[in-house]
Amino acid sequence: MYSKILLPVDLNEESSWKKALPTALALCRSFGASLHVVTVLPDYRMPLVGSYFPEGFAEKAHEALSEAQHKFIEEHVPDDIKAQSVIVDGSPWEAIIKAAKKLDVDLIVMASHSKRKFADYLLGPNAEHVVHHTRISVMIVR
């Protein structure tokens, strides 16, 4: 049923993957699917934002994040699961949807971990936006 599963992770926020990762791994095993681990890097190249960072900062941040994400996959994704590291720039929910379309995934598995407002209590801001703005199936893990 699924051949490509996307798992968004915030490497600085364990709650973004702690419950969702085991679910994604179980689904990968059940369907023989590949896992695409996506991490979103803020867009430092925007003119207003970029002027506050030294030249080459975005590239260095991307390299550091790539190393951290590969380490995450090495530590948390078993060898029997085919995994791909994906880094995208932008706002989290928009970048997740863009990556899912580009990778042609069948399912997005993500955690709901924010409880800032009542609406967020039910789902979470990024998860809510992803659910409402994509045609790809989304599984929210609580």
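Just so you know, we're using the working numbering here: the sequence shown kicks off at 2 and counts up by one. Every residue, glycine too, gets a C-beta built ideally from N, C-alpha and C. Small disclaimer: the values here were computed from a predicted structure and weren't measured.
Secondary structure of P9 (DSSP, three-state): strand. Taking a C-beta distance under 9 angstroms as the contact criterion, S17 and I82 do not qualify as a contact pair.
DSSP places S138 inside the beta strand (DSSP E), whose first and last residues are S138 to V142.
Taking C-beta separations shorter than 6 angstroms and ignoring five residues to either side along the sequence, the partners of P9 in its chain run V39, I97 and M111, following chain order.
Looking at the DSSP output, M111 sits in a beta bridge with I141. Taking the Cα of K102 as reference, the smallest distance to any Cα among K19, V139, L66 and A69 is reached at V139.
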